[in-house]
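2 protein chains.
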Amino acid sequence: MENLAAPTTPVRLAPRRVTITDLAEHLGMTKGTVSRALNDYADISETTKTRVRREADRMGYRPHAQAQAVRTGRAKSIGLVLQIDEHDGQSPFLKDFIAGLTGATSEIGWTLTVGSATSDDDMIQTMARMVDERKVDGFVLPRARVNDHRLNYLTSQGVPAILYGRSNFFAEDTAAYFDISGEDAMEDAVMRLHALGHNRIGYVGGVDVFNFTHLRHEGYREGLDKAGLDYDAGLVRWGARTAQDGADAFRSLIESSKPPTAVVFSTDETALGAYHVARDLGLRIGDDVSVVAYDGIPEADHSDPSLATYRVDNRSAGHKLIEMLKAIIDGAPAPSQRLLETAKFHAGGSISAPRRTSEELRAYIL
Amino acid sequence: MENLAAPTTPVRLAPRRVTITDLAEHLGMTKGTVSRALNDYADISETTKTRVRREADRMGYRPHAQAQAVRTGRAKSIGLVLQIDEHDGQSPFLKDFIAGLTGATSEIGWTLTVGSATSDDDMIQTMARMVDERKVDGFVLPRARVNDHRLNYLTSQGVPAILYGRSNFFAEDTAAYFDISGEDAMEDAVMRLHALGHNRIGYVGGVDVFNFTHLRHEGYREGLDKAGLDYDAGLVRWGARTAQDGADAFRSLIESSKPPTAVVFSTDETALGAYHVARDLGLRIGDDVSVVAYDGIPEADHSDPSLATYRVDNRSAGHKLIEMLKAIIDGAPAPSQRLLETAKFHAGGSISAPRRTSEELRAYIL
DNA sequence: GGTCTTGCCGAAACCGGTTTCGGCTTCCCA
DNA sequence: TGGGAAGCCGAAACCGGTTTCGGCAAGACC
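Protein chains in written order, with the numbering used here: chain A, 1 to 366; chain B, 1001 to 1366.
Laid out in structure tokens, this is it:
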């Protein structure tokens, strides 16, 4: 006996849990019957069902999730794998998002299993491990990319998944998704600025691996179109991710020979970078130059002046993603689970009617 | 050994996983033997072990985690329950922390199960559910409180847990913890300021439900002591949590009749609140008034001037917490798992030798 | 009154692993 | 040469559930 590689003795767990066998014994029936009663099978009488249920929660019975999983193949858990080498930008977003996800999962009696990855390959491997070990029944995929590799992998494996965002430019996705229309917001932003009297409206976009970057840029373009303004590549900057990137882009726009009198940023974070530059140049945002952005991070509200932005409710997004994913896992066809909502405009002190023309602005800066 | 036609399965496209029975069949031995070989039992020959292992990963065998859990009682998962009604302050902290936790859990082949709660009662219930369903083997408890109720519950139930922080003021905790000595940092901050020439050093502390609030305050006190300065309750403010709170506290200190020339904040976030107030009052931080804080959030680095602070590595903290918790789950006595590290000072432009005395400062402000 | 349903539940197999128990070889040594 | 101890593995129980199958009893139908 001592030659067995017995693992070190585990710590004592809670007072022995009540199993379905205990329950069956107390009720004087077989565990099969108890199981079917609890799972609401049609071949169990109403009388028996209520008797079983009552006794179950009198005794504090909770089914052993793992044991159920062995037979049913359902881990009753949703997977979420975070890319952790990424820039910090998802931080503010993360907490609300997780709150939404966990809230919804616990409502249906499931749990959220979180992993992390340091590279694209690692991401796939981490997800593969979770699937192979049957730890999760499906995945939520935040920060959708163009032609998202996670989605490609999972669908090839037949694992249910849902995107937060879209992944196929403007073409209809083949997969399930929940998204908020950034393009509508950008379009609205441009038209709103135009209505205030702005005619030179700049744009600072994001990194092109993310699908939303393309969508929002298209929205900006659409907005110009509806406002009757021409698209001028000189007014557009790309690839901004951090506040610093936003600052650089803003400086390059505002110091150009024909500076914009208003700038639309595709994210709040990059927009806030512009605040420092403006201060440096002696410009007052919301007065000398207007700024609108997108996301609705807390800092946007606390900045001075407060940033006009389109607010995204990540909490409710997380909630809906779980509901939709659950439907897919339960057999709904993925294409039936697609939802696109719009962000709400949140007024702020960062926009106003133009005080100076582009020329005057340039002269003022010099 | 003829191949039967595949049964007509529902939507489950995933290629049927290889089970331990398949593996045993291929190897021509019983699944019991295979299991023991894979789990490195002493009564299996080395030859057989390697043969089994080789075949296992040739066939891509991955044990079904849930099935293992049924017999072993190990879910191979760590629980983390977030309080989601809380102020946003834990956002920046959250991502790094989760990265550390998930990184460490996946290194040992485990996973992280995340839940959320909206109140203290909900917190206990959520944890109870995870334990009862045997979804987790132990908990990491972030944001330790004084006499932490989560810890009390879990130890009463015999469920392994580890605190991120301490929960018993200065008395030795009875439970396991990993923490970073905020008190040492505060003490060092005061002495550092004193060495620069400051003699009136204010303090802005946190909310008293959290244990670290008391520890850091005591560190401040200790620092004064070592610097030979008297503790003056008029220089101390409590209960600051948000940037706004920090701003209010700072204003109240700086507008008092004998303002401090330097202020120690117990968190970066509250310290950054002071920046706005300083600007309003025409004071330059790091010049007219010195500020030191604690945490090392990214914004501290991007602020102008950059904030001198004590940096906490939440990623590595998460990693260590998992290692220590795993040891407890494997049978190590909880009291043996205690670790206290120190935060690294990160210089910033927010401190300098005092330019004005307290009196001059007051006059300057008026 | 006999036959057919229908309702309801027990019995047992099953899910994919782990662990106990015992028996057969082989080796060692008297 | 015999007996005991290792060494090694097969057989089967077990973990806590779910699901299939079949049978009994009561009611419906003719």
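Cβ atoms here follow ideal geometry from the backbone N, Cα and C, with glycine treated the same way.
Option in B:Ala1308, B:Ile1124 and B:Lys1258 with minimal Cα separation from B:Leu1154: B:Ile1124
Three-state secondary structure assigned by DSSP to B:Ser1256: coil
Candidates B:Gly1246, B:Asp1122, B:Gly1032 and B:Ser1257: closest to B:Val1264 by CA position: B:Gly1246
Within 8 Å of chain A by C-beta, residues of the segment 1323-1339 of chain B in sequence order: Ile1328, Ile1329, Asp1330 and Gly1331
8 Å Cβ cut-off: residues of chain B touching A:Val140: Per Cβ cutoff of 8 Å: no residues; A:Val140 is ~12 Å from chain B at best.
Alpha-carbon to alpha-carbon, B:His1149 and B:Asp1208: 15 Å
Option in A:Asp230, A:Glu255, A:Gln157 and A:Ala185 with minimal Cα separation from A:Asn199: A:Asp230
A:Ile201 - DSSP class collapsed to helix/strand/coil: strand
Below-9 Å beta-carbon distance, A:Ala343 vs any chain B residue: no
For B:Lys1135, three-class secondary structure by DSSP: coil
Opening and closing residue of the beta strand (DSSP E) in which A:Ile44 lies: No beta strand (DSSP E) holds A:Ile44; DSSP gives it neither H nor E.
Closest Cα partner of A:Pro335 within the set A:Asp43, A:Lys226, A:Ala243 and A:Glu172: A:Glu172
A:Leu82: contacting residues in chain B (beta-carbon distance under 8 Å): Lys1095, Ile1098, Ala1099 and Thr1102
Residues that B:Lys1049 contacts on chain A, provided the C-beta gap is smaller than 7 Å: Those do not exist, as B:Lys1049 stays about 11 Å from chain A at its closest Cβ, beyond 7 Å.
Extent of the continuous beta strand (DSSP E) to which B:Ile1180 belongs: Ala1176 to Ile1180
C-beta contact flag for A:Thr242 and A:Thr261 at 9 Å: no
Counterpart residues of B:Gly1115 in DSSP-defined beta bridges: B:Val1081
Nearest-angstrom Cβ-Cβ length linking B:Gly1138 and B:Val1159, presumed shorter than 8 Å: 7 Å
Contact with chain B by A:Pro63, beta-carbon distance below 9 Å: yes
Proximal chain B residues relative to A:Thr113, where beta-carbon distance stays under 8 Å: Ser1077, Thr1111, Leu1112, Thr1113 and Val1114
Contact set between B:Val1070 and chain A, taken where Cβ atoms lie within less than 8 Å: His64, Gln66, Ala67 and Val70
Cutoff 9 Å: B:Ser1257 Cβ touching any chain A Cβ: no
Alpha-carbon to alpha-carbon, B:Asp1040 and B:Arg1053: 10 Å
Local conformation of B:His1064 per DSSP, three classes: coil
Buried versus exposed, by CB contacts within 10 Å (16 or more), A:Gly282: exposed
Sequence ranges, beta strand (DSSP E) only - wholly within the segment 1235-1291 of chain B, length at least 3: 1262-1265
Proximity below 9 Å, CB of A:His64 to CB of A:Thr19: yes
Spatial distance of B:Tyr1358 from B:Gly1234 (CA atoms): According to the sequence displayed, residue 1358 of chain B carries Ser and not Tyr. So the alpha carbons of these two residues sit roughly 14 Å apart.
7 Å CB neighbourhood of B:Val1312 in its chain, flanking five on each side removed: Ile1180, Asp1295, Gly1296 and Ala1343
Alpha carbon of A:Asp412 to alpha carbon of A:Leu224, nearest angstrom: Because residue 412 of chain A is not part of the residues shown, which for chain A are 1 to 366, the question remains open.
From B:Thr1033, B:Arg1362, B:Ala1353 and B:Ser1077, residue whose alpha carbon lies closest to that of B:His1194: B:Ala1353
Interface partners of B:Ser1306 on chain A, CB under 9 Å: Going along chain A, no residue has its Cβ under 9 Å from B:Ser1306, so there is no contact; the nearest lies around 13 Å.
9 Å Cβ cutoff, B:Glu1133 in contact with chain A: yes
Contact set for B:Asp1452: own chain, Cβ-Cβ below 8 Å, skip 5 residues either direction: Look at the range of chain B in this structure, 1001 to 1366, and you will see that residue 1452 of chain B is not part of it.
At least three beta-carbon pairs within less than 8 Å, the segment 1100-1120 of chain B to the segment 113-127 of chain A: yes
Local conformation of B:Val1312 per DSSP, three classes: coil
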